[in-house]
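What follows is a set of notes on a single structure, which appears directly below.
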Amino acid sequence: MAEIIRSVKGTRDFYPQDMAIRRWMFDIIREVSAQFGYQEYDGPCLEFIDLYAAKSGEELVKEQAFVFSSPGDDMLTLRPELTPTLARMVAQQQYEIAFPLRWWSIGPFWRYENPQRGRTREFFQWNIDLVGTESITADAEIIAVAANFFKKIGLSPQQVKIFVNNRRLMDQAFAKLEISQALRPKVFRVVDKLDKLSVKEWQAYALDTGLSEIQVAGLMDLVKNEDLWQESEDLCELFELLKVFEVADYVQYNPRVIRGLDYYTGTVFEAFEQGGQSRAILGGGRYDNLVADVGGNRLTGVGFAMGDVVMELVLRDAGVIPEKLGNTPEVVVTVFDEETLVESLKLALFLRESGFKTVVYPEPDKLGKQFKYADRLDISVAVILGPDEISSGQVAVKNLKTREQVTIKREDLLEQIGEFLPMGR
RNA sequence: GUGCCUGUAGCUCAAUGGUUAGAGCGCGUCACUGUGGAUGAUGAGGUUGAGGGUUCGACCCCCUUCAGGCACCCCA
């Protein structure tokens, strides 16, 4: 056998059983998004590199994007994120769109990273945004969308938590500690490290970034202060609203959530798996200048993004992925010989029109082999059509799960199949 | 970019430096000419990732290289 050309590093093959899980997950995303009145959109997977250069910074484009020149010598990139595309699309029609807009999307993205658990080079991301309002209600709604997704997919507040903070609040707190503006991006990273390092390591790391000992001590107090939110009007209002949205049990204040991105200006949030791995599932927040960078008017919004890779890991850990996802055929029609093949095909046609997912064994073969095939495909019902049945206007129906078999009149076939099929098909 | 681990049958894995590299699962055929999963019999399937070295002898030890996994870095 010739050697099989391997798949590209960091990509995934979706066999039918994998695809069924993806479909299931995406359907819930679609359902929740639509339920809140969001409209689906999408952009191209290919964009000019300039689109990202304007906004995302050098490092992302140079080191993590798939960049190449087209035959026409344009510098193109496989989109590493959706936000710049969204910004462009909004800017292009800024006088046409009815604001506030509620848009969502799911599609493939590419980043040239070192693949490892929970991280691939090709992945899917759910993006959802509410653009054109500064109301805190919008922040609450977006968080409620995330919480409702968790609820619907089967993750409880004990299994997953959305941690919320406010960038402005943290900026004020940093100002009180007299941490300079220039140092703050680094300080964000310091804060982010707190849960990963020991106290001593963390202090050393913090001092290393240029903070004074007093500042380090102050910072430590700050990021351990779970009541800090009370100093922020926005957060007080947000938490009240989250109660109204009936998602408060999924949400918790956390002063250590800041998000690396510079463009977040108010509310920031990240959902984490609770317990063992504690992986970040989704993240988002409020931003001030979505479209200004690509030449539009100032527009604020709030949104989040969720990758499918970590999400699926978490769902697996939680054991909430259904065993049966209903992507298998339901009925197999057996074929006795060349003469009866046409009868089998006609019967299958009838079953399909009646709404059953039906396959026909493609050629005459031993019944045993046909059953074995059906069994391998996890098909529940076999319809047996041989010369005896044809001449008597009957049909044999076998429940492959229970081995029960009955011979009935043709007109009773649909009812019989319905009886043999497992519930909830 | 850095570090650790792993590459043996289609899959999951064995095999003190010593005969012809094995097992389970899967696959083919038969027992079974209109009835599957079980059982039994039997068969196919390998350049041990690749290249070099040490050795009387290498799946095993050493070097190089390729690939994969995991962690760090980073995470828009």
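Mapping of the first sequence onto this note's numbering: residues 3 to 427, in sequence order.
Ideal Cβ placement from N, Cα and C applies to all residues, glycine included.
Note that this is a predicted model, so its numbers are computed, not measured.
- Contact annotation: V397 and V383 have beta-carbon atoms that are not nearer than 8 Å.
- Annotation for I381: T330, P331, E332, V333, V334, V361, L402 place their beta carbon closer than 8 Å to its own, counting only its chain and skipping 5 residues before and after.
- In this structure L292 does not touch L284 by the C-beta definition: roughly 18 Å separates them, more than the 8 Å allowed.
- Sixteen is the threshold: since fewer than 16 other Cβ atoms of the shown chains lie within 10 Å of the Cβ of E417, the residue is exposed.
- Inter-segment contact for the stretch 99 to 119 and the stretch 36 to 54 is present: three or more beta-carbon pairs are separated by less than 8 Å.
- In the structure shown, A273 adopts extended strand secondary structure according to DSSP, grouped into three states.
- If you look at K163, you'll find it in the beta strand (DSSP E) that goes 162 to 168.
- Per DSSP, M91 has no beta bridge partner at all.
- For A376, the enclosing alpha helix (DSSP H) starts and ends at 369 to 378.
- Setting aside the 5 residues that flank it on each side, W204 is surrounded in the same chain by K195, L196, each with a C-beta closer than 7 Å to its C-beta; the list follows chain order.
- DSSP lists Q41, D131 as the beta-bridge partner residues of W105.
- Between the stretch 208 to 225 and the stretch 179 to 198 there are three or more C-beta pairs closer than 8 Å, enough to call the two in contact.
- R25 carries a helical assignment under DSSP once its states are collapsed to helix, strand and coil.
- Here G286 is bridged, per DSSP, to F271, F306.
- Here DSSP, grouped into helix, strand and coil, assigns Y265 to coil.
- With a cutoff of 8 Å on beta-carbon distance, L48 and L84 are scored as not near each other.
- Remark: C-beta atoms of D310 and M91 do not approach each other more closely than 8 Å.
- Here the stretch 112 to 132 does not lie against the stretch 236 to 254, with fewer than 3 beta-carbon pairs under 8 Å apart.
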